[in-house]
Amino acid sequence: MLTSFPLSSPRRVKVCVCSFALHATQLTNINFGAYSRCGCAHACLHTAIETTLWAMEWAVAELVNHPETQQKLRREMDTVLGAGHQVTEPDTHRLPYLQAVVKEALRLRMAIPLLVPHMN
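All the letters of the sequence shown, read from the start, carry residue numbers 1 to 120 under UniProt numbering.
Below, the structure written as structure tokens:
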């Protein structure tokens with residue numbers, strides 16, 4: 001049985017698209033088996049990877065088109081982390097210019113448009 005949780009409920013977060021797909025297969029009495037569940041999980045993962053990839057591609061393209069920004073970012077990373085140090089997730093909190101560059105790239109070229117065509 002599919003349960004609906006109020007919007008403010010933390011349990012609502014745990015209900016995902018895959019559970020709706022599984023519920024639909026139970027209602028129709030069609031047994032798609034593991035292939036259906038695997039396909040749904042693959043689609044969710046693929047969508048997440050694809051949008052992240054688009055955002056990264058646009059960020060790199062913007063840095064290529066703005067070498068002065070790229071040089072300033074490189075200077076910040078070399079100063080804060082040291083030359084040749086690879087940036088890790090905890091390091092990003094110490095790199096405010098990197099955070100600004102990422103936010104600006106996402107603002108300029110977001111992976112998913114906000115004004116998706118819809119019907120009222």
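Even for Gly, the Cβ is constructed at its ideal location relative to N, Cα and C.
Do L63 and Q71 have their C-beta atoms within less than 7 Å of each other?
Contact check for L63 against Q71 fails: the beta carbons are separated by 7 Å or more.
Between which two residues does the alpha helix (DSSP H) carrying T79 extend?
Counting along the chain, T79 sits inside the alpha helix (DSSP H) bounded by residues P67 to L81.
When you compare the segment 84-94 with the segment 53-68, are there three or more beta-carbon pairs, one atom per stretch, that lie closer than 8 Å?
The segment 84-94 is not in contact with the segment 53-68.
Is G87 helix, strand or coil when you go by DSSP?
For the sequence presented, residue 87 should be read as Val rather than Gly. Here V87 sits in coil by DSSP.
With H, G and I counted as helix, E and B as strand and the rest as coil, what does DSSP make of M110?
Residue state, collapsed to three classes: coil.
Among A48, L45, M56 and T47, which residue has its Cα nearest to the Cα of R109?
Nearest option by C-alpha distance: M56.
Is there a C-beta anywhere in chain E that falls below 7 Å from the one on V102?
Absent from the structure: chain E. Only one protein chain is present.
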